[in-house]
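K.L.:
The listed protein sequences correspond, in order, to chains Z and U.
Per this note's numbering, the first sequence starts with residue 193, numbered consecutively.
Per this note's numbering, the second sequence starts with residue 17, numbered consecutively.
Think of the CB as a built atom: it goes at the ideal place given N, C-alpha and C, for glycine as much as any other residue.
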Amino acid sequence: MVGKSDGGIAGRMPKFIRRADPAVLTAFACIVLLLFLGSLYSRSFLSPEYLLQQLKVASFLGVIATGMMLVILLGQIDLSVPWSVAVGAMMACAAAAYGPLGVALAIPFGIFCGMLIGVVNGIGVAYLRIPSMIITLATNAVAQGLMVVYTGGFSPQDSATGAMRYLATGFTIPGVPNAVIIWALIGAAMVFVLTRTSFGRTVYGIGNRERAAYLSGIDTRRVVMIAFAVSGGLSAFGGVLLAGYASKAAQSMGDAYLLPSIAAVVLGGTSILGGRGSYLGTVAGVILITLLQSILSVMQMPEAGRQIIYGVVIVAMLLLYGRAPASR
Amino acid sequence: MKDWRYWLAEQRGTLLAFGIFIVMFVIYTSNHPAGFTANVVQTASNKGVLLAFVAMAQTLVVITAGIDLSVGMIFTLTNCLASWLVIGTGIETAFGVIAVLGTGLLCGAINGAIVIYGRLQPIVATIATGAVYFGIALLLRPFPGGSVNEDLADALTGRLFGVVPASLVVLLAVVLVVWVPFSRSVLGRAAYAAGSSEMAAYMSGVPIRRGKFAAYALAGLLAAIGGLFLTFFTYTGDAAYASGNAYTLFSIAAVVLGGVSLFGGKGSAIGAIFGALAFRTIGDLLFVFDFDPLWQPLFQGVILLVAVSLGAFALFRVRNRLEWFL
Numbered sequence: 193m194v195g196k197s198d199g200g201i202a203g204r205m206p207k208f209i210r211r212a213d214p215a216v217l218t219a220f221a222c223i224v225l226l227l228f229l230g231s232l233y234s235r236s237f238l239s240p241e242y243l244l245q246q247l248k249v250a251s252f253l254g255v256i257a258t259g260m261m262l263v264i265l266l267g268q269i270d271l272s273v274p275w276s277v278a279v280g281a282m283m284a285c286a287a288a289a290y291g292p293l294g295v296a297l298a299i300p301f302g303i304f305c306g307m308l309i310g311v312v313n314g315i316g317v318a319y320l321r322i323p324s325m326i327i328t329l330a331t332n333a334v335a336q337g338l339m340v341v342y343t344g345g346f347s348p349q350d351s352a353t354g355a356m357r358y359l360a361t362g363f364t365i366p367g368v369p370n371a372v373i374i375w376a377l378i379g380a381a382m383v384f385v386l387t388r389t390s391f392g393r394t395v396y397g398i399g400n401r402e403r404a405a406y407l408s409g410i411d412t413r414r415v416v417m418i419a420f421a422v423s424g425g426l427s428a429f430g431g432v433l434l435a436g437y438a439s440k441a442a443q444s445m446g447d448a449y450l451l452p453s454i455a456a457v458v459l460g461g462t463s464i465l466g467g468r469g470s471y472l473g474t475v476a477g478v479i480l481i482t483l484l485q486s487i488l489s490v491m492q493m494p495e496a497g498r499q500i501i502y503g504v505v506i507v508a509m510l511l512l513y514g515r516a517p518a519s520r
Numbered sequence: 017m018k019d020w021r022y023w024l025a026e027q028r029g030t031l032l033a034f035g036i037f038i039v040m041f042v043i044y045t046s047n048h049p050a051g052f053t054a055n056v057v058q059t060a061s062n063k064g065v066l067l068a069f070v071a072m073a074q075t076l077v078v079i080t081a082g083i084d085l086s087v088g089m090i091f092t093l094t095n096c097l098a099s100w101l102v103i104g105t106g107i108e109t110a111f112g113v114i115a116v117l118g119t120g121l122l123c124g125a126i127n128g129a130i131v132i133y134g135r136l137q138p139i140v141a142t143i144a145t146g147a148v149y150f151g152i153a154l155l156l157r158p159f160p161g162g163s164v165n166e167d168l169a170d171a172l173t174g175r176l177f178g179v180v181p182a183s184l185v186v187l188l189a190v191v192l193v194v195w196v197p198f199s200r201s202v203l204g205r206a207a208y209a210a211g212s213s214e215m216a217a218y219m220s221g222v223p224i225r226r227g228k229f230a231a232y233a234l235a236g237l238l239a240a241i242g243g244l245f246l247t248f249f250t251y252t253g254d255a256a257y258a259s260g261n262a263y264t265l266f267s268i269a270a271v272v273l274g275g276v277s278l279f280g281g282k283g284s285a286i287g288a289i290f291g292a293l294a295f296r297t298i299g300d301l302l303f304v305f306d307f308d309p310l311w312q313p314l315f316q317g318v319i320l321l322v323a324v325s326l327g328a329f330a331l332f333r334v335r336n337r338l339e340w341f342l
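1) Distance cutoff 9 Å, beta carbons only. Does residue 331(Z) sit that close to anything in chain U?
2) Taking 9 Å as the CB-CB cut-off, is residue 286(Z) touching chain U?
3) Note down, in chain order, each residue of its chain lying with its Cβ closer than 8 Å to the Cβ of residue 500(Z), except the 5 sequence neighbours on either side.
4) Please tell me whether residue 29(U) has its Cβ less than 9 Å away from any Cβ of chain Z.
5) Can you name, in chain order, every residue of its own chain whose Cβ lies under 6 Å from the Cβ of residue 16(U), other than the five neighbours on each side?
6) Rounded to whole angstroms, what's the CA-CA distance from residue 57(U) to residue 31(U)? Just pull it up for me.
7) Of all Cβ atoms in chain Z, is any one closer than 9 Å to the Cβ of residue 313(U)?
8) Can you name, in chain order, every residue of its own chain whose Cβ lies under 6 Å from the Cβ of residue 281(U), other than the five neighbours on each side?
9) Is it buried or exposed for residue 369(Z), if we count other Cβ within 10 angstroms and need 16 for buried?
10) At what residue ranges does the segment 225-265 of chain Z contain a whole run of the alpha helix (DSSP H), taking only runs of 4 or more?
11) Listed in chain order, which residues of the segment 141-164 of chain U have Cβ atoms closer than 9 Å to some Cβ of chain Z?
12) Hey, residue 280(Z) and residue 306(Z) are a contact pair by Cβ (cut 8 Å); roughly how many whole angstroms apart?
13) If we call anything under 9 Å between Cβ atoms a contact, is residue 431(Z) one with residue 409(Z)?
14) Between residue 483(Z) and chain U, is any beta-carbon pair separated by less than 9 Å?
15) Could you check which residue in 301(Z), 340(Z), 275(Z) has the C-alpha nearest to that of residue 331(Z)?
16) Please list, in chain order, all residues of the same chain as residue 75(U) whose beta carbon is under 6 Å from its beta carbon, the five residues on each side excluded.
17) For chain Z, check one thing: does any of its Cβ atoms lie closer than 9 Å to the Cβ of residue 213(U)?
18) Give the residues of chain U in contact with residue 502(Z), contact being defined as C-beta atoms less than 9 Å apart.
19) Touching or not, the segment 301-310 of chain U and the segment 77-84 of chain U, by the rule of three or more beta carbon pairs under 8 Å?
20) Near residue 512(Z), what residues of its chain come up, given a Cβ to Cβ distance below 8 Å and the 5 sequence neighbours on each side ignored?
21) Would residue 296(U) be called buried (16 or more neighbouring beta carbons within 10 Å of its own) or exposed?
22) So, helix, strand or coil for residue 373(Z), using DSSP?
23) Put residue 193(U) into one of helix, strand or coil per three-state DSSP.
24) Give the range of the alpha helix (DSSP H) segment to which residue 290(Z) is assigned.
25) Residue range of the alpha helix (DSSP H) that residue 14(U) falls in?
26) With contact counted as at least three CB pairs below 8 Å, one residue from each stretch, are the segment 421-435 of chain Z and the segment 486-502 of chain Z in contact?
27) What does residue 368(Z) pair with, by DSSP beta-bridge criteria?
28) Can a CB atom of chain Z be found closer than 9 Å to the CB of residue 91(U)?
29) Using a Cβ-Cβ distance under 9 Å, would residue 135(U) count as near chain Z?
30) Using a Cβ-Cβ distance under 9 Å, would residue 335(Z) count as near chain U?
31) Grab me the residues of residue 194(Z)'s own chain with a C-beta within less than 8 Å of its C-beta, minus the 5 sequence neighbours each way, in chain order.
32) Considering only C-alpha positions, which residue in the set 228(U), 39(U), 65(U) is nearest to residue 181(U)?
33) Only counting the same chain, and skipping five residues up and downstream in sequence, which positions put a Cβ closer than 8 Å to that of residue 339(Z)?
34) Under 7 Å Cβ-Cβ, which residues of chain Z neighbour residue 317(U)?
35) Nearest to residue 440(Z) by CA position, among 404(Z), 287(Z), 415(Z), is which residue?
36) Assuming residue 138(U) is part of the alpha helix (DSSP H), what are its boundary residues?
As structure tokens, this is what we get:
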């Protein structure tokens, strides 16, 4: 009597809703709720200009969260984001001081430096089996130390190049900020890698059970290593974009991106234990967090209140749908 | 095997941390212009106990196989709170101290409740609660300021009988009053058991939830003692995001140096205390050897990186490659 198709209310819904992750749906519902609350507060909240501006601000976080998601899917975490972002921004600006060639290579050089941090993380996690939380905290401290020495000793240049400013604030397609296009491209590449390549399937496999993936003949350590390198590179790229947006690099510019990037991924329904989650959820998480920040700043909430509300909201939303299954 | 061998095997991490600290401290004092005097020891111990308290706090949580990324923020919050409350007559000061310690205990209990009863991952949960605690600290002290009962502060940061640093005596007292009873109680054993193998502990009827909750709550209390001492040293409260974060980071370094396993179930707060003292001394070595202070963050970062990599040596003893993937 109880057939496969008989699933109560859910069974009678269209297929695309039944297949959707409840966490992703909840996240999108929260976005709609935030937009509604915002529009009650200010009429200009729903104007296209404002929404595009939000999307542009979101794209910096989006690029950083993409790398974070890849690492979280493995069941690991990357706490070196703050100074990977700063290293990317500062090194890209520094390269620009070395003549026209330096200006041309500024962006790749910044990303390259971030990837180096990621590679150290990857070696530590994959080959030395150090818990990712610890090794990434350590590389974060080393990166910070290097940057303190660098800015204190000699600091060739801290202003962004024209290309960086163009990437972050320019318009190739009229009306659509370049930063949004970049996020869309990176997001599309990530979706392709996660769903259409063996690398992507391996990432999910390792996140579920690394032993099993290893026994299936996969070089799991190489995959983990690559994922961390990509995460470092994307964090640095986020930093390059931020430097272009602010037209200069600053010491603690990455600090504000650690919690949001983790929160965006987790609020988007990706399991912090790894192996489960979709990029669509991360997109929802990024937009959700950007809107929340934006509403708090439109309401002219002081920094203290923002931190409190922000932490409370994240804990509350995680309690709503991010809980670990009850063991036993 | 004889009994003392078991004891030695169990205490290896703690003894190693003690050894590192002694070596570092001897190098430090023998190169210090003033040499090994009561004054130098007092300054060093006053700087060291702050991190020692926070490292003890981190140890309690790490033993349960968790992590508390909000300890630095509890430390900052209680520092700001103490700069408001620990002032006035003797009675008022006493109530202020109790209120500050109670706040720390509450912060820890909130962390524990969210992680254990809310079933959230400790990393994400404590980063988020850390943001909340920092926000409250910022409400209390948007700018550095405030004051503290200076008689009490001077008594606790000065010297006893002109020789023994009072802060070390307080540290010892905290160890005897908080850590020793906890580690020998059923709850402490449960915390160790939960970190070692939660499933096995649960099946054996060990009260793991209560044990873990007690560990998180006491961690908040210990971080608050650290925050109180920071107020005693500086006479002010200051909500600085960077310093809160630095203490979280250094507490993990101290725990690792102190031989506490990050996978849980192994190590002691005593080890973490020596780890903290050693870490601080290593930082001070730069000044003795006349390095530019600019290099200090890099130096500490590299030490942290090396310390965590040392754990990887266990890999060379692995016989079966599957043991890589615990």
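P.N.:
Working from what's here:
1) Within the first sequence, residue 331(Z) is the residue found at index 139, counting from 1. Any Cβ of chain U closer than 9 Å to the Cβ of residue 331(Z) would place that residue at the interface, and such an atom is present.
2) Looking up residue 286(Z) in the first sequence gives position 94. Not closer than 9 Å to any Cβ of chain U, the Cβ of residue 286(Z) fails to qualify, so no.
3) For the purposes of this step, residue 500(Z) is identified with residue 308 of the first sequence, where counting begins at 1. Counting only Cβ-Cβ distances below 8 Å, and skipping sequence neighbours, we find nothing.
4) Locating residue 29(U) in the second sequence gives position 13, where the first residue counts as 1. Answer no: the Cβ-Cβ gap between residue 29(U) and chain Z never drops below 9 Å.
5) Chain U is shown only over 17 to 342; residue 16(U) falls outside these bounds and no answer can be derived.
6) For the purposes of this step, residue 57(U) is taken as residue 41 along the second sequence, with counting starting at 1. For the purposes of this step, residue 31(U) is taken as residue 15 along the second sequence, with counting starting at 1. Residue 31(U) has its alpha-carbon roughly 21 Å from the corresponding atom of residue 57(U).
7) In the second sequence, residue 313(U) corresponds to position 297, counting from 1. By this cut-off, residue 313(U) is an interface position.
8) Numbered from 1 along the second sequence, position 265 holds the residue referred to as residue 281(U). So the qualifying residues of the chain are 208, 211, 212.
9) Residue mapping note: residue 369(Z) aligns to position 177 of the first sequence, counting from 1. Taking a 10 Å sphere around the C-beta of residue 369(Z), we find 16 or more other C-beta atoms and assign the residue as buried.
10) Within the segment 225-265 of chain Z, the alpha helix (DSSP H) runs of at least 4 residues that lie entirely inside it are, in chain order, 240-265.
11) Of all residues in the segment 141-164 of chain U, only 141, 143, 144, 145, 146, 147, 148, 149, 150, 151, 152, 153, 154, 155, 156, 158 come within less than 9 Å of chain Z when Cβ atoms are compared, listed by chain position.
12) Within the first sequence, the letter at position 88 stands for residue 280(Z). Within the first sequence, the letter at position 114 stands for residue 306(Z). Between residue 280(Z) and residue 306(Z) a beta carbon distance of about 4 Å is seen, short of the 8 Å cut, so the two are scored as contacting.
13) Within the first sequence, the letter at position 239 stands for residue 431(Z). Within the first sequence, the letter at position 217 stands for residue 409(Z). No, the pair does not count as a contact, with Cβ atoms beyond the cut-off.
14) Locating residue 483(Z) in the first sequence gives position 291, where the first residue counts as 1. Residue 483(Z) does not count as touching chain U.
15) Taking the first sequence and counting its residues from 1, the one referred to as residue 331(Z) is at position 139. Of the candidates 301(Z), 340(Z), 275(Z), the one whose C-alpha sits nearest the C-alpha of residue 331(Z) is 275(Z).
16) For this step, residue 75(U) is matched to residue 59 along the second sequence. Within the same chain, 271, 276, 285, 288 come within 6 Å of residue 75(U) by CB-CB distance, once the 5 residues on both sides are set aside.
17) For the purposes of this step, residue 213(U) is taken as residue 197 along the second sequence, with counting starting at 1. Against chain Z, the CB of residue 213(U) has no partner CB under 9 Å away; the residue lies outside that interface.
18) Position 310 of the first sequence, counted from the start, is the residue given in the question as residue 502(Z). Proximity of chain U to residue 502(Z) at the Cβ level (cut-off 9 Å) is accounted for by 144, 147, 148, 151, in chain order.
19) Result no; under three Cβ-Cβ pairs closer than 8 Å.
20) As a working mapping, residue 512(Z) is identified with position 320 in the first sequence. So the qualifying residues of the chain are 218.
21) Here residue 296(U) corresponds to residue number 280 of the second sequence, with the count starting at 1. Buried.
22) Here residue 373(Z) refers to the residue found at position 181 when the first sequence is read from its first residue. The three-state secondary structure of residue 373(Z), taken from DSSP, is helix.
23) Here residue 193(U) corresponds to residue number 177 of the second sequence, with the count starting at 1. The three-state secondary structure of residue 193(U), taken from DSSP, is helix.
24) Locating residue 290(Z) in the first sequence gives position 98, counting from the first residue. From DSSP, residue 290(Z) is part of no alpha helix (DSSP H); its letter is neither H nor E.
25) Outside the modelled stretch of chain U, which goes from 17 to 342, sits residue 14(U), for which no answer is possible.
26) With a cut-off of 8 Å, the segment 486-502 of chain Z and the segment 421-435 of chain Z do not count as touching, because too few Cβ pairs lie within range.
27) In the first sequence, residue 368(Z) corresponds to position 176, counting from 1. 365(Z).
28) The residue given as residue 91(U) occupies position 75 in the second sequence. At a cut-off of 9 Å between C-beta atoms, residue 91(U) does not count as an interface residue with respect to chain Z.
29) Along the second sequence, read from residue 1 onward, the residue named residue 135(U) stands at position 119. Using beta-carbon distances, residue 135(U) counts as an interface residue toward chain Z, with a partner under 9 Å.
30) Residue numbering aside, residue 335(Z) sits at position 143 when the first sequence is read from its first letter. For residue 335(Z), the answer is yes, since a Cβ of chain U falls inside 9 Å of its Cβ.
31) For the purposes of this step, residue 194(Z) is taken as the residue at position 2 of the first sequence. At residue 194(Z), the pLDDT of 41 sits below 50, so the modelled position is not reliable and the matter cannot be decided from this model.
32) The residue you call residue 181(U) lines up with position 165 of the second sequence. Of the candidates 228(U), 39(U), 65(U), the one whose C-alpha sits nearest the C-alpha of residue 181(U) is 65(U).
33) Taking the first residue of the first sequence as 1, we reach residue 339(Z) at position 147. Excluding sequence neighbours, residue 339(Z) sits near 275, 278, 279, 282, 443.
34) Mapped onto the second sequence, residue 317(U) falls at position 301. Scanning chain Z for C-beta atoms nearer than 7 Å to the C-beta of residue 317(U) yields 330, 333, 334, 336, 337, reported in chain order.
35) Looking up residue 440(Z) in the first sequence gives position 248. Of 404(Z), 287(Z), 415(Z), the residue nearest in Cα terms is 287(Z).
36) Against the second sequence, residue 138(U) aligns to sequence position 122. That run of the alpha helix (DSSP H) goes 138-156.
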